[in-house]
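Structure, as structure tokens:
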Amino acid sequence: MIKLGIVMDPIAHINIKKDSSFAMLLEAQRRGYELHYMEMADLYLNNGEARARTRLLSVEQNYDKWYEFGSEQDIALADLNVVTDA
83 MIKLGIVMDP
93 IAHINIKKDS
103 SFAMLLEAQR
113 RGYELHYMEM
123 ADLYLNNGEA
133 RARTRLLSVE
143 QNYDKWYEFG
153 SEQDIALADL
163 NVVTDA
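Everything in the sequence shown is counted per the working numbering, starting at 83 for the first residue and increasing by one.
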């Protein structure tokens, strides 16, 4: 399974009608990717290793409830297959 990390502004405040990162998340989820959500403040270095506090994320095309967080984890960014920002 591909692990996708996305660094973005608070997902609660996006406009899902026109947000391209949301469209990317929907497609990645459709393809079976594991989505790891993080904000800039969640990124840090530990002894030279890039790490982040992430939350598993699921998304849906629903204007009332477009996201849901799963478990939190502290992971090395190298453990993700892809890291992108929105």
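Each residue gets a CB set at the ideal place from its N, CA and C atoms; glycine is no exception.
{"Check": "Looking at Gly-87 and Met-164, is the spacing between their C-beta atoms short of 8 Å?", "Outcome": "The residue asked about is misnamed: residue 164 is Val in this sequence, not Met. Yes; because the gap between Cβ atoms is below 8 Å, this pair is in contact."}
{"Check": "What are the start and end residues of each continuous beta strand (DSSP E) run of 3 or more residues lying completely inside the region 100-127, in chain order?", "Outcome": "116-120"}
{"Check": "Taking just the CA atoms, how far does Arg-135 sit from Ile-96?", "Outcome": "21 Å"}
{"Check": "Quick check: the region 107-116 against the region 138-158, are there 3 or more CB pairs under 8 Å?", "Outcome": "yes"}
{"Check": "Rounded to the nearest angstrom, what separates Asp-124 and Ala-158 at their Cα positions?", "Outcome": "12 Å"}
{"Check": "Going by beta carbon distance, what residues of the same chain come within less than 6 Å of Met-83, once the five residues before and after it are set aside?", "Outcome": "Glu-116"}
{"Check": "Return the chain-ordered list of same chain residues with a C-beta closer than 8 Å to the C-beta of Gly-114, the five sequence neighbours on each side being excluded.", "Outcome": "Met-83, Ile-84"}
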